[in-house]
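Below you'll find the structure, written out as structure tokens, and then a few comments.
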Amino acid sequence: MADELIFYTNPMSRGQIVRWMLEEVGARYEPRVLDYGTTMKDAEYLAINPMGKVPAVVHNGKVVTECAAICAYLADAFPEAGLAPNPSDRADYYRWLFFTAGPVEQAITAKHFGVEPDADQQRMAGFGSLSAALDALESAVAGKAFVAGDRFSAADVYVGSQIDWGLQFGTIPSRPAFEAYVAPLRERAAYKRAKEIDNGLIAEMQAAGTAPA
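Under the UniProt record's numbering, residues 1 to 213 are what the sequence shown spells out, in order.
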């Protein structure tokens, strides 16, 4: 099939980020919902992502994993969607896309597991500390509508998703800059479509008793 795009996901996962990105892109895609305990660990899927995690996309036979990489890839693969900024704005685009995927997520995960690096460990850890990572993230969005330049981009999908998720579940503390940045993103038509799809799938899984505890 020409321009085949397959999306492997679970609605209760970071696949929600890629779902939003796909809805922004507007390209036709085939969703394949995997289960954590079974199909995500089957040999068929492990051949696509040896980590046995979602999301992943296969586009014209090429595999892309990791949410930030998928967002950046889709922006380039479908330039007509206008989700990759102008070259002059690519510095902020790459910087904050991958800063959020790296130090911010690492810091949040470490905190969730009860790990708080001491002063010496902070020099070795890429994220330093959670407060330092969040302060830097705040500087990226404070007083701005978009992370890179003057228009919405794939970086806003990823950065916006992480802040949106963090505010909802308490892994990122509420700050005026974070709240102001995500509020208009939640009003985007593609965001709402993606949420409607994934929330519908979650409801079906819960009704069937197949949602993870």
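We put the beta carbon where it would ideally sit given N, CA and C, even for glycine. Predicted model only: the values in this text are computed from it and were never measured.
Where the alpha helix (DSSP H) through residue i begins and ends
i, result
"R188", "No alpha helix (DSSP H) contains R188, which DSSP labels as neither H nor E."
"I108", "105-112"
"I17", "15-25"
"V157", "154-169"
"F99", "90-99"
Cα-Cα separation, residue i to residue j
i, j, result
"S88", "P173", "32 Å"
"G128", "G160", "22 Å"
"T39", "N86", "40 Å"
"A180", "A140", "13 Å"
"H59", "D3", "7 Å"
"F98", "A47", "26 Å"
"K192", "E105", "24 Å"
"I211", "M12", "For the record, residue 211 in the displayed sequence is Ala; it is not Ile. The alpha-carbon atoms of A211 and M12 are separated by roughly 8 Å."
"A132", "A208", "42 Å"
"E196", "F178", "23 Å"
"Q16", "D198", "7 Å"
C-beta contact flag for residue i and residue j at 7 Å
i, j, result
"A194", "E30", "no"
"N49", "L34", "no"
"V182", "I163", "yes"
"F78", "V115", "no"
"K111", "L137", "no"
"C71", "A190", "no"
Extent of the continuous beta strand (DSSP E) run through residue i
i, result
"E30", "30-33"
"Y8", "5-9"
"A56", "56-59"
"V64", "62-65"
* Evaluate contact between the stretch 65-80 and the stretch 43-56, counting only Cβ atoms and requiring at least three cross-stretch pairs below 8 Å. => yes
* Asked: So, do the stretch 140-151 and the stretch 119-127 have three or more beta carbon pairs nearer to each other than 8 Å?
  -> no
* Just list the alpha helix (DSSP H) runs in the stretch 123-150, keeping only unbroken ones of 4 residues or longer that don't cross its boundaries, in chain order. => 130-141
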